[in-house]
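Enquirer: Structure incoming, see below.
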Amino acid sequence: MDRKKILIIVRDFVPYSFTLGGSLRVLKLAEFLSRNNVEVYILAARGEMISYFGYEDKIKQWNVTYVDDKLQYLLTRIYNDKKKGKSLVQKFNPVLYFFKKLIDEFSIPDRGRYFVKNFVNKAGEIIRNHHISNIFVSSPPHSTQLIGLKLRKFSLPGKLNIIVDYRDSWNTTGIFAKKNFLSRWLSEWMEKKVLKNANWFSYHSPAVLTKINRKFFEINYKALLVMNGYDAGMKDMITPLPPVRNEVLTIGHFGSVRDSINSFRNPARFFSAVEKIPGRIKLVFYGPADISPYWRSRLAAKLEIHPAVSHEESLRLMQKMDLLLVLHSQKEGADEVIPAKFYEYILVEKPILSVGPKDMEVSRMVTQKSLGYVMDIYDEPMMIQKLNEIYTDWENNRLVKYNRDDYPEFSRQYQYAKILNILV
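Numbers 5 to 428, taken from the working numbering, label the letters of the sequence shown in order.
Structure (structure tokens):
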């Protein structure tokens, strides 16, 4: 029997992705499908090197094609220059900022649309040369979905099995929705075409489907909830550590944060609450952490910042924390927020501190499954009270405990089996 084949199309992929979290869903899907005798091909954008995050050997064994992409090159170059302490733009320029926002507003759905043609041509070549029927297109950026829309011309009607994958909503959340009427109408028209063109629709959080059904049309019949999950295959890499607490209450965060007014992971409100806690407490950040001198100075010894590390190393470091932090600061769209790190935290069996708007989906899951503690980032008195309660639990060795084996539905293997079942 011939092996099934799949082409995974994603713009951001290691080593040209700013964080591992942005690539992990498709990276682990490729790994899972390969182990289940599926021939996997990946198409992604090439930019300046960021990091392989420990996956270089594995990726070089796969059929990965990178398309030279001016946008990806520019974005990764800016990112690398910022890490080195230099910038293409030396200081804030309100005129340039205005024109950037104008370009973003009228680039529908985003700036990636101007570079779709190269992806379509290369994808068509891969499909023809390797006789591929299954196409998995993951977004954001949502312009990536236009590739799948255009690929129908490379096959007979009905030949391609196109799976549209949302890691975030498109027009049903304020993060990506356009502000002016014309841009919004065109973007919504595009999304409807993409959804109608899809054979299957996979999504990471329950609220995503609810919003689409309400705004556009009912697509339950071809929709699959495929959460991110933890990789159960990595359990053997985790050596259980003795249950000894740190000398100070240590709260770890893995992934990007930025204390900017436009950031949806702005820790400033949380920092303000932590600053008011008299006890011994320390926040430790691994990954791109753009924290201003203001907060670095105010928190001083309570704040520790480190660069990103490999996936395996991050799991080892997570084990050394007393508590692991999930943080989100934007109200709109919080009802669908389940960061990939949430599942990694479950893998290492550490109590989770979810800090965000009160309707944040991951906070609901932490409460429902008794995985840790929840705070409303817009209620400082509540955050201070909860931090004091956590501190007391820590002092008395009463922090929340749980066993990951009680949550097999949160494994990637369980979730990705749903994709395996719909391949042709």
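Where is the CB? At the ideal position from N, CA and C, for every residue including glycine.
Going by other Cβ atoms of all chains shown within 10 Å of its Cβ, with 16 needed for buried, is T371 buried or exposed?
Expert: As a working mapping, residue 371 is identified with position 367 in the sequence shown. Exposed: under 16 other Cβ atoms inside 10 Å.
Enquirer: So I281 packs on Y382, CB below 8 Å; how close in whole Å?
Expert: In the sequence shown, the residue the question calls residue 281 occupies position 277. In the sequence shown, the residue the question calls residue 382 occupies position 378. So it is not a contact: roughly 18 Å between Cβ atoms.
Enquirer: Between the C-alpha atoms of Y452 and V330, what's the straight-line distance to the nearest angstrom?
Expert: A query on residue 452 cannot be resolved here, the shown segment of the chain reaching from 5 to 428 and no further.
Enquirer: Distance, Cα to Cα, K183 vs H146?
Expert: Along the sequence shown, one-based indexing puts residue 183 at 179. Along the sequence shown, one-based indexing puts residue 146 at 142. So the two alpha carbons sit approximately 16 Å from each other.
Enquirer: What's the gap between the Cα of R188 and the Cα of E195?
Expert: Within the sequence shown, numbered from 1, the residue matching residue 188 stands at position 184. Within the sequence shown, numbered from 1, the residue matching residue 195 stands at position 191. C-alpha separation (whole angstroms): 11 Å.
Enquirer: Quick check on the DSSP output: what are the complete alpha helix (DSSP H) runs of length 4 or more inside the region 338 to 415, in order along the chain?
Expert: Entirely contained in the region 338 to 415, the alpha helix (DSSP H) runs reaching 4 residues are, in chain order, 344 to 351, 365 to 372, 384 to 399.
Enquirer: Measuring only the C-alpha atoms, how far is N122 from E413?
Expert: Position 118 of the sequence shown holds residue 122. Position 409 of the sequence shown holds residue 413. Between N122 and E413, the C-alpha separation is close to 38 Å.
Enquirer: Give every residue of the same chain whose Cβ lies closer than 8 Å to the Cβ of E336, excluding the five residues on either side of it in the sequence, and list them in chain order.
Expert: The residue labelled residue 336 in the question sits at position 332 within the sequence shown. Same-chain partners within the cutoff: T177, G178, I179.
Enquirer: Once you ignore the five residues that flank A127 on each side, which residues in its own chain have a CB closer than 7 Å to its CB?
Expert: As a working note, residue 127 is residue 123 in the sequence shown. These residues qualify, in order along the chain: L11, I13, L47, I151, L155.
Enquirer: Whether or not the region 208 to 228 and the region 249 to 259 are in contact is what I'm after, with contact meaning three or more pairs of Cβ atoms, one per stretch, closer than 8 Å; do they touch?
Expert: No: fewer than three Cβ pairs fall under 8 Å.
Enquirer: Which residues bound the beta strand (DSSP E) around G25?
Expert: Against the sequence shown, residue 25 aligns to sequence position 21. Note, G25: premise wrong, no beta strand (DSSP E); alpha helix (DSSP H) at 25 to 39.
Enquirer: Going by CA-CA distance only, name the one from W193, I285, A312, Y349 that's closest to K306.
Expert: As a working mapping, residue 306 is identified with position 302 in the sequence shown. Residue I285 is the option with its Cα nearest to K306.
Enquirer: Would you call the region 413 to 427 in contact with the region 32 to 45, where contact means no fewer than 3 C-beta pairs closer than 8 Å?
Expert: Yes, the region 413 to 427 is in contact with the region 32 to 45.
Enquirer: Which residues in the same chain as N175 place their Cβ atom closer than 6 Å to its Cβ, once the five residues preceding and following it in sequence are excluded?
Expert: Locating residue 175 in the sequence shown gives position 171, counting from the first residue. Hits under 6 Å: A181, S191, E192, E195.
Enquirer: Answer yes or no: do N270 and L28 have a C-beta to C-beta separation smaller than 9 Å?
Expert: Position 266 of the sequence shown, counted from the first residue, corresponds to residue 270. Position 24 of the sequence shown, counted from the first residue, corresponds to residue 28. No, the Cβ-Cβ distance between N270 and L28 is not below 9 Å.
Enquirer: Is the distance from the Cβ of Y359 to the Cβ of F289 below 9 Å?
Expert: Taking the first residue of the sequence shown as 1, we reach residue 359 at position 355. Taking the first residue of the sequence shown as 1, we reach residue 289 at position 285. First, the amino acid is wrong: residue 359 is Val here, not Tyr. Not in contact: V359 and F289 (Cβ atoms no closer than 9 Å).
Enquirer: Which same chain residues, not among the five before or five after I112, have their C-beta less than 8 Å away from its C-beta?
Expert: If you number the sequence shown from 1, residue 112 lands on position 108. Result list for I112: K182, S187, L190, S191, M194, in chain order.
Enquirer: Is it true that the CB of V30 sits closer than 9 Å to the CB of F140?
Expert: The residue labelled residue 140 in the question sits at position 136 within the sequence shown. The residue labelled residue 30 in the question sits at position 26 within the sequence shown. Yes, they are a contact pair.
Enquirer: For the region 262 to 332, which segments carrying the alpha helix (DSSP H) assignment without a break, of at least 4 residues, lie completely within its bounds, in sequence order?
Expert: As far as the region 262 to 332 is concerned, its whole alpha helix (DSSP H) runs of at least 4 residues are 272 to 279, 297 to 303, 315 to 323.
Enquirer: What's the C-alpha gap between H315 and R81?
Expert: The residue given as residue 315 occupies position 311 in the sequence shown. The residue given as residue 81 occupies position 77 in the sequence shown. Rounded to the nearest angstrom, the two C-alpha atoms are 23 Å apart.
Enquirer: Report yes if the CB atom of I131 is closer than 9 Å to the CB atom of L164, and no otherwise.
Expert: Working through the sequence shown from its first residue, we reach residue 131 at position 127. Working through the sequence shown from its first residue, we reach residue 164 at position 160. Cβ distance < 9 Å, so I131 and L164 count as in contact.
Enquirer: Which value, in whole angstroms, describes the spacing of the CA atoms of F205 and S38?
Expert: Along the sequence shown, read from residue 1 onward, the residue named residue 205 stands at position 201. Along the sequence shown, read from residue 1 onward, the residue named residue 38 stands at position 34. Whole-angstrom Cα-Cα distance: 21 Å.
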